Ligand SMILES: [Zn+2]
């Protein structure tokens, strides 16, 4: 996460790689410092990994939101936990399918061996448990990452991919006037 914010601190992930030969966790000292490195090259559109072994749990720094309901948060239970945030990410986490077997991480840029894998957290998260300051250095860096709730349609639309449940929540926000974002609506 961004380049240094990581879903990690108290993660209950074993040290055995969950995706040997594909993904590698670079474990660095300190909370939120470890990161996920690709051991394989990927082209835009390639599936990097399928989301398997998910468990439903409360919203947490380590969870991924997969729907509009309060109970629609899952733990990844794999090294994918260590994907950092970037405002211009090289992968997306796609949980938009109604069939969970289709949920996956997909490259949206060329990924070379040794590249860090990063996704755009507000593409899954509406209102994050642990906001943080982003230092990804991208031209479009949003600086403070708190979730899609605080972003305009324009800011979200600039990204490669935003999950369907987030667009649905944006629509509800903008139609009802509830949960008015900090930044002006378009
Ligand atoms: Zn950023």
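In UniProt numbering, the protein residues as written are 1 to 186. Glycine included, C-beta positions come from ideal geometry on N, C-alpha and C. No experiment lies behind these values; they were computed from the predicted model shown.
- The continuous beta strand (DSSP E) containing residue 49 extends over residues 47 to 50.
- In the structure shown, residue 107 falls within a strand segment according to DSSP collapsed to helix, strand and coil.
- DSSP lists 26 as the beta-bridge partner residues of residue 35.
- The three-state reading of DSSP puts residue 166 in helix, counting H, G and I together.
- With 16 or more other CB atoms across the displayed protein chains lying within 10 angstroms of its CB, residue 148 is buried.
- In this structure, residue 118 has its CB at a distance of at least 7 Å from all heavy atoms of ligand 1.
- For residue 74, DSSP records a beta bridge to 56, 64.
- Of the residues assessed, residue 125 falls on the buried side of the cut-off, its CB having 16 or more other CB atoms within 10 angstroms.
- Secondary structure at residue 176: helix, using DSSP grouped into helix, strand and coil.
- Each residue's CA atom was taken as its position, placing residue 165 and residue 95 some 9 Å apart.
- With at least 16 other beta carbons inside 10 angstroms of its own, residue 77 counts as buried.
- In this chain, the beta strand (DSSP E) harbouring residue 94 covers 91 to 94.
- Assignment of residue 101 by DSSP, reduced to helix, strand and coil, places it in the helix class.
- Going by DSSP, residue 153 is part of the alpha helix (DSSP H) stretching over 153 to 157.
- Around the beta carbon of residue 139, fewer than 16 other beta carbons lie within 10 angstroms, which makes this residue exposed.
- Between the stretch 16 to 24 and the stretch 42 to 54 there are three or more inter-stretch CB-CB distances shorter than 8 Å, so the stretches are counted as touching.
- Contact residues of ligand 1 (beta-carbon closer than 5 Å to any heavy atom; chain order) are 87, 134, 136, 141.
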